[in-house]
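Notes to accompany the following structure.
Residue numbers (our numbering): 5 to 226.
This is the structure:
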């Protein structure tokens, strides 16, 4: 039997978020096989509210999902750039990615899991990527550095891939410069912006092309 779609979401109330790192009680060092299952034909993977260990765990799994087209990672504890780089290099057919992120401590920094290194890897290795959904929870608008991504990093990804759908929630780093870039994204069809505090009303003047005729499914809200 070829597994095409896999979704795993335990009770979110039973999986507390540890800002200091992951707490995978079943983790055994140098023993990746607990994450192993037949996923070579998998096209749709959705994981939520789980903990993993850096250097093993999801990196081992994602490295085997070579047919993956759609990925959703919702509040996964213990991820880093190496996981996303492994994913992007192995999953050349990736079309849709959805990341739901909370900040935690990485060394001396308090930020979300991925940085622009992840966005660069997606831009270089995933030429079919057309749908991006980024949700940031628990990040203060006054401290945009709590989000590992920067506006320039996201702009690079948008300009490198045939993006048709872009959803940003709580993206406090995305401002008017980013909105201006969207006006020259010829394939963009759906744009949803929720609680993106750095965007001002001035972008309507700076981006006359970014209207209902350019993005028929434009949606903005606070």
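Yeah, the Cβ is synthetic: ideal placement off N, Cα and C, and Gly gets one too.
For residue i, I'd like the list of residues in its chain whose CB is within less than 7 Å of its CB, leaving aside the five on either flank, ordered along the chain.
i	result
residue 204	180
residue 68	43, 44
residue 142	106, 107
Using only CA atoms, which one of the options lies nearest to residue i?
i	options	result
residue 77	94, 56, 96	56
residue 136	14, 175, 114, 202	175
residue 121	158, 199, 148	158
residue 109	101, 47, 118, 89	118
residue 113	149, 90, 50, 128	149
residue 88	115, 129, 111	129
Helix or strand or just coil, what does DSSP make of residue i?
i	result
residue 151	coil
residue 181	helix
residue 170	strand
residue 13	coil
residue 164	helix
residue 48	strand
residue 195	strand
Might you give, ordered along the chain, the residues of its own chain that have their beta carbon closer than 6 Å to the beta carbon of residue i, omitting 5 neighbours on each side?
i	result
residue 94	67, 70
residue 168	134, 191, 193
residue 50	11, 76
Measure the CB-CB distance between residue i and residue j and report whether it falls below 7 Å.
i	j	result
residue 140	residue 170	no
residue 75	residue 54	no
residue 46	residue 7	yes
residue 172	residue 146	no
residue 48	residue 9	yes
residue 126	residue 92	yes
residue 97	residue 132	yes
residue 178	residue 151	no
Is residue i a contact residue of the ligand MN, with contact defined as CB to any heavy atom under 6 Å?
i	result
residue 10	In the structure on display, the ligand MN does not appear, and there are no ligands present to speak of.
Only counting the same chain, and skipping five residues up and downstream in sequence, which positions put a Cβ closer than 8 Å to that of residue i?
i	result
residue 185	159, 162, 163
### Query
Hey, which unbroken runs of the beta strand (DSSP E) at 3 residues or more fall wholly within the segment 52–113?
74–78, 100–105, 108–110
### Task
Quick one: which unbroken alpha helix (DSSP H) runs of 4-plus residues sit fully inside the segment 119–143? Chain order, please.
120–129
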